[in-house]
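Residue numbers (our numbering): 55 to 207.
Ideal Cβ placement from N, Cα and C applies to all residues, glycine included.
The structure appears right after this line, and notes come after that.
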Amino acid sequence: MNRIPLDDRKAIEDLFSTYVWAYDCSDEAGFLELFTEDGLVVGLGKKHVGKEAMGAWFRYLLDIREREGDLWLHQAAHHRYVGSGSNYLVYSYATHYNYAVEAKTYGVRSLGYFVSECVKQGTEWKFRRFSISHWDKTTQPWKKSLPWDTAAI
């Protein structure tokens, strides 16, 4: 595993924090600002290429939340960095919590993992490629093909 300078590690952790805050607070513009111009998201096996498509995917997920009437919170943690310099693949736990307002119950909605390509542009870190996958207890994500290499368009 590569050693990443602490300043870069912290900046990438802040990138993930900003991502979950933007998502959980319905901030589409803030979400899209986190990506490079050529960015893409892979959501459960499907590619969303470019900011217009990524924005549509973001709104689709918010629509699910609104239909269900729940409150959602996401957590990205336990980052594993592979790479060097201004380009890292980051593997992270993705935990998705919910509060069912009507039932007044809390729970874990889903367990998964993020695979993200983070690139440094000037002094800022951004996502170039970002994916979310269901949890797989049989294989560590870095021993698999990259999600954007195998995803459907």
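Chain-order list of residues whose beta-carbon lies under 6 Å from that of residue i (same chain, five-residue window excluded)
i       : result
Tyr-142 : Tyr-135, Cys-172
Ala-65  : Trp-179
His-150 : His-128, Arg-163, Ser-164
Gly-84  : Ala-76
Leu-58  : Correcting the residue type first, residue 58 is Ile in the shown sequence and not Leu. Cβ neighbours of Ile-58 beyond the five flanking positions: Tyr-135.
Ala-107 : none
Limits of the unbroken beta strand (DSSP E) element including residue i
i       : result
Trp-189 : Trp-189 -> no beta strand (DSSP E), and no H or E assigned at all.
Thr-159 : 159–175
Bounding residues of the alpha helix (DSSP H) (the contiguous stretch that carries residue i)
i       : result
Thr-204 : 201–204
Residues sharing a beta bridge with residue i, DSSP
i       : result
Glu-21  : Given that the chain is displayed from residue 55 to residue 207, the structure contains no residue 21 and the question cannot be resolved.
Val-144 : Tyr-135, Ser-170
Arg-183 : Leu-94, Glu-171
Spatial neighbours of residue i in its chain, beta-carbon cut-off 7 Å, leaving aside the 5 residues before and after
i       : result
Ala-154 : Asp-124
Gly-109 : Glu-82, Leu-86
Leu-200 : Val-169
His-132 : Ser-146, Tyr-147
- Message: Restricting to runs no shorter than 3 residues, where is the beta strand (DSSP E) found entirely within the stretch 62–140?
- Response: 89–97, 100–103, 124–138
- Touching or not, the stretch 182–195 and the stretch 83–103, by the rule of three or more beta carbon pairs under 8 Å? yes
- Message: Contact between the stretch 64–83 and the stretch 104–116 is defined here as three or more beta-carbon pairs at a separation below 8 Å; is this criterion met?
- Response: yes
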